[in-house]
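Peer 1:
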Amino acid sequence: MPVTIKHVAAEAGVSASTVSRVLTGDCRISEPTRQRVLQVMEQLGYHPNAIARSLVNQKSNTIGLVLSRAPRTAMAIPFFAELIGGITEQAYADKHHVLLVSSISREEECSQVLNLFRNKRVEGVIHAASRMDDTLISALAQEGFPFVVIGRVPGSDVPSVNNDNIAAADMAVTHLLDQGYTRIACVGGSPDLVVTMDRLQGYKNALTRCGIEIRKEWVICSESTTLAGAAASEKLLGQADRPDAIFAMDDTLAVGVWKGARKFGINCPEELGIIGFNDDLISSIMEPALSTVRIPIFEMGRQAAKMLIRGIQNEFTGKNRIVPAELVIRQSSMRKGYYS
């Protein structure tokens, strides 16, 4: 006769619903009760599925992916879709599942992730967007939980996969300068994110090297959406003293910048050069096609998952990875008439 939840409950002196809650990792179950139920399951040989087996072995075979933004916002950004693809492909190859973690506030995010660890729901997490002052990274490091960051963590040497955003942004703005644009504005995402500040620094480095003044009113950072890009573009291009080129910190913003230029009847690239970042699919099908910086987003996700899972298995594969960035020149920035 097969062992059932009722047998486990009777032997452990708890209700069947309590056993079910233990199986699903319900955080309302006390640790002593949880351990007693798991011990009885093992004694009776009750292993109905992979979840139960992983709980008994104290391994979930699951990694978390922290998006650091609301689900609707994250899924609307092509970067995250491609990143998730790379992470899940590598995780599945290593027989792990991926649990998405998204939240509205920092406090909620930190609490969610720490509870997942403490309740054995995940064995490690990938943090997809580091902030300038990131309480989650500090908490994970303090607790000794395995994690990998996509991006750079200022003043820290935590495991990470990144591209050199400062150098890549410098390369993009230098291209605009080489095309004869000298009045270059910058449109970026949240100033709370490290990637935004790094790309802003690259923009400033390129202008400073050429002796061009950085105009604060020509730097607008808010969020990485098409609407935000369009709003920033309209603000910049509605000025009598307007820029002749705009560096957008990602292609989603660049599409918005392009829409703003069309609203004012401004021709691109003759009157306004535009360059983006990430080389999303839309970049090559826009008219004019968008110049951008290509980074291997899928590969970044794959490497992050591999690094994390190897770390969980105590197979050290190196603490930091830097992936290359490539300038992709198309029509939107080619004032001089040549593009690839």
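0 is the number of the first residue of the sequence shown in numbering that gives the first Met the number 0; add one for each residue after it.
Ideal Cβ positions, reconstructed from N, Cα and C, are used throughout, including at glycine.
Quick one: Cα of Arg120 to Cα of Ser59, how far?
Peer 2: What you label residue 120 is simply residue 121 of the sequence shown in a count that begins at 1. What you label residue 59 is simply residue 60 of the sequence shown in a count that begins at 1. Those two C-alpha atoms are separated by around 6 Å.
Peer 1: With a 10 Å radius around its C-beta and 16 neighbouring C-beta atoms as the bar for buried, classify Glu81 as buried or exposed.
Peer 2: Along the sequence shown, one-based indexing puts residue 81 at 82. Counting Cβ neighbours within 10 Å, Glu81 comes out buried, since at least 16 surround it.
Peer 1: According to DSSP, what are the bridge partners of Ser290?
Peer 2: Taking the sequence shown and counting its residues from 1, the one referred to as residue 290 is at position 291. Paired residues: Ile274.
Peer 1: For the beta strand (DSSP E) that Gly84 lies in, which residues bound it at each end?
Peer 2: As a position in the sequence shown, residue 84 is number 85, starting the count at 1. Run containing Gly84: none in the beta strand (DSSP E); it sits in the alpha helix (DSSP H), Pro77 to Ala92.
Peer 1: Between Glu325 and the rest of its own chain, which residues show a CB-CB distance below 6 Å, the 5 nearest in sequence each way excluded?
Peer 2: Against the sequence shown, residue 325 aligns to sequence position 326. Excluding residues within five positions, the ones whose Cβ falls inside 6 Å are Arg293.
Peer 1: Give every residue of the same chain whose Cβ lies closer than 6 Å to the Cβ of Gln200, excluding the five residues on either side of it in the sequence, and list them in chain order.
Peer 2: Position 201 of the sequence shown, counting from 1, holds the residue named residue 200. Contacts found: Ile165.
Peer 1: Assuming Gly259 and Thr225 are in contact, meaning their beta carbons sit under 8 Å apart, how far apart are those beta carbons, in whole angstroms?
Peer 2: As a first step, residue 259 must be located in the sequence shown, where it is residue number 260. As a first step, residue 225 must be located in the sequence shown, where it is residue number 226. Contact flag wrong, Cβ pair sits at about 10 Å.
Peer 1: Considering only residues of the same chain and omitting the five flanking positions on each side of Leu64, which have a CB-CB separation below 8 Å?
Peer 2: Against the sequence shown, residue 64 aligns to sequence position 65. If we look at Leu64 and ignore the five residues flanking it on each side, its Cβ neighbours are Ile83, Ile86, Val97, Leu98, Leu99, Val100, Val124, Ile125 and Ala127.
Peer 1: Going by the beta-carbon positions, is the gap between Leu193 and Ser129 smaller than 7 Å?
Peer 2: On the sequence shown, residue 193 is found 194 positions in, with the first residue counted as 1. On the sequence shown, residue 129 is found 130 positions in, with the first residue counted as 1. One detail in the question is off: residue 193 reads as Val in this sequence, not Leu. Closer than 7 Å, so yes.
Peer 1: Specify, as a first and last residue, the run of the beta strand (DSSP E) that Glu325 falls within.
Peer 2: In the sequence shown, counting from the first residue as 1, residue 325 sits at position 326. Residues Glu325 to Val327.
Peer 1: CB-CB under 7 Å to Cys209, same chain, minus the five flanking residues each way: which ones, in chain order?
Peer 2: By 1-based counting over the sequence shown, the position of residue 209 is 210. For Cys209, where only same-chain residues beyond five positions count, the Cβ hits under 7 Å are Leu176.
Peer 1: What separation, rounded to the nearest whole angstrom, lies between the Cα atoms of Leu307 and Ser19?
Peer 2: Numbered from 1 along the sequence shown, position 308 holds the residue referred to as residue 307. Numbered from 1 along the sequence shown, position 20 holds the residue referred to as residue 19. Their backbone Cα atoms lie some 30 Å apart in a straight line.
Peer 1: Give the secondary structure of Gly187 by DSSP, where H, G and I count as helix, E and B as strand, and everything else as coil.
Peer 2: Residue numbering aside, residue 187 sits at position 188 when the sequence shown is read from its first letter. Gly187 falls in the strand class under three-state DSSP.
Peer 1: Assuming Val160 contacts Arg35 under a Cβ cut-off of 8 Å, what Cβ separation, rounded to an integer in Å, is found between them?
Peer 2: Taking the sequence shown and counting its residues from 1, the one referred to as residue 160 is at position 161. Taking the sequence shown and counting its residues from 1, the one referred to as residue 35 is at position 36. Wrong, their Cβ atoms sit about 41 Å apart, outside the cutoff.
Peer 1: Using CA coordinates, which residue listed in Leu135, Phe263 and Leu252 is at the minimum distance from Gly237?
Peer 2: The count along the sequence shown starts at 1 and reaches residue 237 at position 238. If we check each option's Cα against that of Gly237, Phe263 comes out closest.
Peer 1: Compute the Euclidean distance between the alpha carbons of Thr3 and Tyr45, then round it to the nearest angstrom.
Peer 2: Your numbering for residue 3 matches position 4 in the sequence shown. Your numbering for residue 45 matches position 46 in the sequence shown. So the two alpha carbons sit approximately 7 Å from each other.
Peer 1: Using the Cα positions of Ser339 and Thr195, report the straight-line distance between them to the nearest angstrom.
Peer 2: Within the sequence shown, the letter at position 340 stands for residue 339. Within the sequence shown, the letter at position 196 stands for residue 195. Because the pLDDT at Ser339 is just 46, under 50, the model does not fix this residue reliably, and the point stays unresolved.
Peer 1: Comparing alpha-carbon positions, which option in Pro1, Gly300, Ala244 and Met333 lies nearest Val340?
Peer 2: The chain is shown from 0 up to 339; residue 340 falls before or after that span and cannot be answered.
Peer 1: Span of the alpha helix (DSSP H) holding Ala366?
Peer 2: Any answer about residue 366 is impossible in this case: the structure gives the chain only from 0 up to 339.
Peer 1: What residue from Glu269, Ala167 and Ala9 has the CA that sits closest to Pro287's CA?
Peer 2: Counting from one through the sequence shown, the residue named residue 287 turns up at place 288. When each option's Cα is compared against that of Pro287, the closest is Glu269.
Peer 1: In the DSSP assignment, the beta strand (DSSP E) including Ala247 goes from what residue to what residue?
Peer 2: Within the sequence shown, residue 247 is the residue found at index 248, counting from 1. Segment Ala244 to Ala247, the beta strand (DSSP E) holding Ala247.
Peer 1: Report the residue ranges of all beta strand (DSSP E) runs contained in full by the region 15-40; include only those spanning at least 3 residues, in chain order.
Peer 2: Segments of the beta strand (DSSP E) lying fully in the region 15-40: there are none.
Peer 1: Tell me the DSSP secondary structure of Lys335 in three-state form.
Peer 2: On the sequence shown, residue 335 is found 336 positions in, with the first residue counted as 1. Residue state, collapsed to three classes: coil.
Peer 1: What is the C-beta distance between Ile213 and Lys234, in whole angstroms, given that I count them as a contact (C-beta under 8 Å)?
Peer 2: On the sequence shown, residue 213 is found 214 positions in, with the first residue counted as 1. On the sequence shown, residue 234 is found 235 positions in, with the first residue counted as 1. Actually they do not touch by this definition, with Cβ atoms about 17 Å apart.
Peer 1: Excluding the 5 residues preceding and the 5 following Ala167 in the sequence, name in chain order all residues of the same chain whose CB lies nearer than 8 Å to its CB.
Peer 2: Indexing the sequence shown from 1 puts residue 167 at position 168. The answer, listed in chain order, is Arg198, Gly201, Phe276, Val292, Ile294 and Ala324.
Peer 1: Enumerate in chain order the residues of its own chain whose CB-to-CB distance from Ile296 is below 8 Å, with the five nearest sequence positions on each side excluded.
Peer 2: The count along the sequence shown starts at 1 and reaches residue 296 at position 297. Within the same chain, Ile296 has close Cβ partners Phe78, Glu81, Leu82, Gly85 and Asn277.
Peer 1: Residues in the same chain with beta-carbon distance under 6 Å from Ser282, minus the five sequence neighbours each way, listed in chain order, please.
Peer 2: Working through the sequence shown from its first residue, we reach residue 282 at position 283. Excluding positions up to five away in sequence, the list reads Asp250, Leu289 and Thr291.
Peer 1: Which residues does DSSP list as the beta-bridge partners of Gly123?
Peer 2: Residue 123 sits at position 124 when you count from the first residue of the sequence shown. In DSSP, Gly123 forms a bridge with Ile62.
Peer 1: Cys267 lies in the alpha helix (DSSP H); which residues open and close that run?
Peer 2: What you label residue 267 is simply residue 268 of the sequence shown in a count that begins at 1. Cys267 -> no alpha helix (DSSP H), and no H or E assigned at all.
Peer 1: Rounded to whole angstroms, what is the Cα-Cα separation between Leu252 and Ser223?
Peer 2: As a working mapping, residue 252 is identified with position 253 in the sequence shown. As a working mapping, residue 223 is identified with position 224 in the sequence shown. If you take the alpha carbons of Leu252 and Ser223, they lie about 6 Å apart.
Peer 1: Got a sec? Which residues, its chain only, sit under 7 Å from Asp191 by beta carbon, not counting five neighbours each side?
Peer 2: The sequence position of residue 191 within the sequence shown is 192, counting from 1. These residues qualify, in order along the chain: Arg130 and Met131.
Peer 1: To which residues of the same chain is Val7 closer than 7 Å at the C-beta, ignoring the five residues directly before and after it?
Peer 2: The sequence position of residue 7 within the sequence shown is 8, counting from 1. Here the set comprises Val18, Val36, Val39, Met40, Leu43 and Tyr45.
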